[in-house]
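Once you know that position 59 of the sequence shown is 59 in UniProt numbering, the rest is easy, because the numbers rise by one and skip nothing.
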Amino acid sequence: MSKRKRHEYPESFAHPRYWPTWCAIGLMRAGAFLPWRLKLWVGTAIGELVWRFVKRRRHITETNLRLCFPELDECELQKLVRRTFHANGIGILETATGWCRDPEHLRHRVSFKGTEHMEAAKAQGKGVLIIGIHFSTLDLGGALHSLFFDADVVYRPHNNPLFERFMTKARRGIFGAAIDRHDLRGVVRRIKGGHAVWYSPDQDFGREASVFAPFFGIDAASIRLTSKIARMTGAPVMPLMFHRNPDNRTYTLEYLPALENFPSGDEVADASQVNAFIEMAIRKHPEQYLWLHRRFKTRPEGEASFYD
Numbered sequence: 001m002s003k004r005k006r007h008e009y010p011e012s013f014a015h016p017r018y019w020p021t022w023c024a025i026g027l028m029r030a031g032a033f034l035p036w037r038l039k040l041w042v043g044t045a046i047g048e049l050v051w052r053f054v055k056r057r058r059h060i061t062e063t064n065l066r067l068c069f070p071e072l073d074e075c076e077l078q079k080l081v082r083r084t085f086h087a088n089g090i091g092i093l094e095t096a097t098g099w100c101r102d103p104e105h106l107r108h109r110v111s112f113k114g115t116e117h118m119e120a121a122k123a124q125g126k127g128v129l130i131i132g133i134h135f136s137t138l139d140l141g142g143a144l145h146s147l148f149f150d151a152d153v154v155y156r157p158h159n160n161p162l163f164e165r166f167m168t169k170a171r172r173g174i175f176g177a178a179i180d181r182h183d184l185r186g187v188v189r190r191i192k193g194g195h196a197v198w199y200s201p202d203q204d205f206g207r208e209a210s211v212f213a214p215f216f217g218i219d220a221a222s223i224r225l226t227s228k229i230a231r232m233t234g235a236p237v238m239p240l241m242f243h244r245n246p247d248n249r250t251y252t253l254e255y256l257p258a259l260e261n262f263p264s265g266d267e268v269a270d271a272s273q274v275n276a277f278i279e280m281a282i283r284k285h286p287e288q289y290l291w292l293h294r295r296f297k298t299r300p301e302g303e304a305s306f307y308d
């Protein structure tokens with residue numbers, strides 16, 4: 001995680017190459033204000049279309065779920081795959097809502113549990129490192145979280161400069177600061193300044209950034225950075241779960257107690273502890289996780305790819 005220069009935008013976004021992006025942004029803004037039932041219907045329809053026609057993503061999702069839930073028979077597996085696409089389709093509308101609307105209008109839809117754990121962590125005066133997870137509700141979860149606690153967020157910049165500007169502006173309206181994931185100094189500085197920083201360590205960033213630790217019983221490239229940040233700052237590491245409830249109308253956010261003996265000095269043990277929390281949270285609502293990405297892309301030396 002090295003420091004990267006601040007994202008530079010072109011002088012104008014009027015060029016025709018940006019027109020499709022302007023359309024996408026317009027659709028997201030419109031989608032954010034749809035009636036709730038219509039949001040669910042549109043999101044499910046988007047997920048259904050992707051499930052039917054984007055075969056590469058369906059293959060990745062099937063592979064991930066087959067590896068992580070070997071107890072499922074083929075019929076159960078395919079049902080979970082389809083539900084995953086539906087949930088992630090709804091997640092597009094949830095993201096639009098989180099980015100484009102005041103979260104206050106959703107206060108009646110959210111329950112927050114375990115706030116005493118966050119209060120205890122803040123009382124230590126060392127800042128807080130929040131472990132979030134790439135659920136379909138990720139960005140809406142951040143907006144709902146802002147109703148109760150202030151936080152900064154670590155994010156991956158988008159390659160499209162227009163969408164990057166839109167996304168970053170939206171996130172800065174939710175969070176105190178949006179920090180490029182390559183800016184380690186920025187993350188450490190904010191935590192040492194007493195801030196809470198939301199960080200999602202559940203993706204495969206390659207061999208150099210990772211150690212191999214068990215995730216659903218499989219050796220998975222797991223980010224070292226969580227324990228490194230905790231070591232550099234002394235901040236408590238707070239696991240945060242968030243999901244859409246089965247009624248598809250309400251949400252639950254829940255803090256668990258801070259990770260114990262973390263960092264331990266053993267990077268594999270630390271990554272295993274983080275992975276154990278992430279796995280536990282996913283098992284509660286597996287269809288809401290972002291199984292569409294290649295979580296097991298990086299393999300130990302000599303192992304073949306799962307996704308060929």
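Don't be surprised by glycine CBs; every beta carbon is placed ideally from N, CA and C.
Beta-bridge pairing by DSSP links F212 to A221. Per DSSP, the unbroken alpha helix (DSSP H) holding L27 starts and ends at 19 to 32. Within 10 angstroms of the beta-carbon of T115 lie fewer than 16 other beta-carbons, which makes it exposed. If you look at K192, you'll find it in the alpha helix (DSSP H) that goes 184 to 192. Taking all protein chains in view, the Cβ of K39 is crowded by 16 or more other Cβ atoms within 10 Å, so the residue is classified as buried. DSSP places E267 in no beta strand (DSSP E) but in the uninterrupted alpha helix (DSSP H) bounded by 267 to 284. E260 carries a coil assignment under DSSP once its states are collapsed to helix, strand and coil. I92 places its beta carbon 9 Å or farther from that of D202. Nearest to D102 by alpha-carbon distance, out of L77, F175, R156, G43, is F175. For the pair F277 and L253, the CB atoms are not nearer than the 9 Å cut-off.
DSSP places L138 within a helical segment (H, G or I) once states are collapsed to three. Residues D204, G206, R207, S210, A221 of the same chain have their beta carbon placed closer than 7 Å to that of T298, with the five preceding and five following residues left out of the count.
Going by C-alpha positions, N159 is about 14 Å away from R181.
DSSP, read as helix, strand or coil, puts K113 in strand.
When C-beta atoms of the stretch 223 to 234 are compared with those of the stretch 263 to 273, three or more pairs fall below 8 Å, so the two segments count as touching. DSSP lists T252 as the beta-bridge partner residues of H243. Considering only H293, L27, M167, I46, the residue with the shortest C-alpha distance to G89 is I46. Taken atom to atom, the span from the alpha-carbon of G302 to that of Y289 is near 29 Å.
For a cut-off of 8 Å, the C-beta gap from L256 to P239 is around 4 Å, short enough to register as a contact. Here A230 carries a helix assignment [DSSP, helix/strand/coil]. The secondary-structure analysis by DSSP pairs Y199 across a beta bridge with I131. Taking the CA atoms as reference points, D152 sits about 31 Å from C68.
DSSP places A178 within a strand segment (E or B) once states are collapsed to three. About 14 Å separates the CB atoms of K122 and G234; that is not less than 8 Å, and the two are not in contact. Judged by DSSP secondary structure, V42 falls outside any beta strand (DSSP E) and instead within the alpha helix (DSSP H) spanning 36 to 53. By alpha-carbon distance to P214, the top candidate from H105, V274, F53, P10 is V274.
Boundaries of the beta strand (DSSP E) around Y155: 152 to 155.
Here the alpha carbon of Y307 sits roughly 22 Å from the alpha carbon of A87.
For the pair I60 and L292, the CB atoms are nearer than the 9 Å cut-off. Across the structure, R66 and I218 are spaced so that their CA atoms are roughly 12 Å apart.
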